[in-house]
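In the working numbering, the protein residues as written are 65 to 345.
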């Protein structure tokens, strides 16, 4: 009997709709809250609309995970579409409750074997794990094979982020007060990293100017040969293009994507991020 495997991930992966459609990846939306108003990430508000509202709304937005019921609906939709196996590739389980909802929902449906992967990553460092798993699925691979690939890719992936201000990370609880003060002092530009261990979001290094920060970020990424990379930004296209140009000798034509609104809540405007996979030895 031929098993049909489908990959599901969340919108924090920053995977564009075109890639998801091409590879058959399901996307479940996280939530954005402006006061009592709840918006589905990317469905109800896109990146441009989000940053326009962020600049004018007096209410600072918050985020929340999809409910177990929403995950059950997503699983059932894939099952109804012929899936016998489903792998959910999740945003960092310690930065969001999304993975918990995904696991709880497994008990609510039947008709398919369902498993999850905690990438311990966000944005395209998470997204690349889902993409590689979907490539396995598209080529007829099993859930176990796709999970092994997703875990290996996620563990190997790296992220560095330059935020115009740390204020949004502090408001969202992703940086503590001491990290915020350390990163904000003396008008330096902190370069942030995301890891599997506490405190999860860390200050990798600090430099004096934005131009130097962009160059340092690329220097840090290219200490080893790069197999794959992606650049994301939130209202920071010029900076993203500067990173792309700096990467050109190492990896030509690295794609640039908009950061999803739900990540924009915590990073704010002017953000640029670099995600990459070092080449295997």
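The C-beta atom is built at its ideal place from N, Cα and C for all residues, glycine as well. Bear in mind the structure is a predicted one, so any value in this text is a computation, not a measurement.
Exposure of residue i, with buried meaning 16 or more beta-carbon neighbours within 10 Å
i, result
"residue 216", "exposed"
"residue 354", "Since the first residue shown for the chain is 65 and the last is 345, residue 354 is missing from the structure and cannot be characterised."
"residue 102", "exposed"
"residue 149", "buried"
"residue 223", "buried"
"residue 151", "buried"
"residue 113", "exposed"
"residue 93", "buried"
"residue 86", "exposed"
"residue 227", "buried"
"residue 308", "buried"
"residue 275", "exposed"
"residue 312", "exposed"
Reduced DSSP secondary structure (H/G/I, E/B, other) of residue i
i, result
"residue 203", "coil"
"residue 310", "helix"
"residue 273", "coil"
"residue 268", "strand"
"residue 88", "coil"
"residue 221", "coil"
"residue 326", "helix"
"residue 336", "strand"
"residue 68", "coil"
Beta-bridge partners of residue i, as assigned by DSSP
i, result
"residue 101", "98"
"residue 289", "None; residue 289 has no bridge partner."
"residue 342", "290"
"residue 254", "270"
Within the chosen definition, does the stretch 123-131 reach the stretch 177-190 through at least 3 CB pairs nearer than 8 Å?
-> no
Only counting runs of 3 or more residues, tell me where the beta strand (DSSP E) segments fall wholly within the stretch 103-189, in order along the chain.
-> 126-128, 149-154 and 177-182
Using 8 Å as the Cβ pair cut-off and three pairs as the minimum, do the stretch 338-345 and the stretch 275-293 touch?
-> yes
Check whether the stretch 132-139 touches the stretch 166-180, taking contact to mean three or more Cβ pairs, one atom from each stretch, closer than 8 Å.
-> The answer is yes - the stretch 166-180 touches the stretch 132-139, with three or more Cβ pairs under 8 Å.
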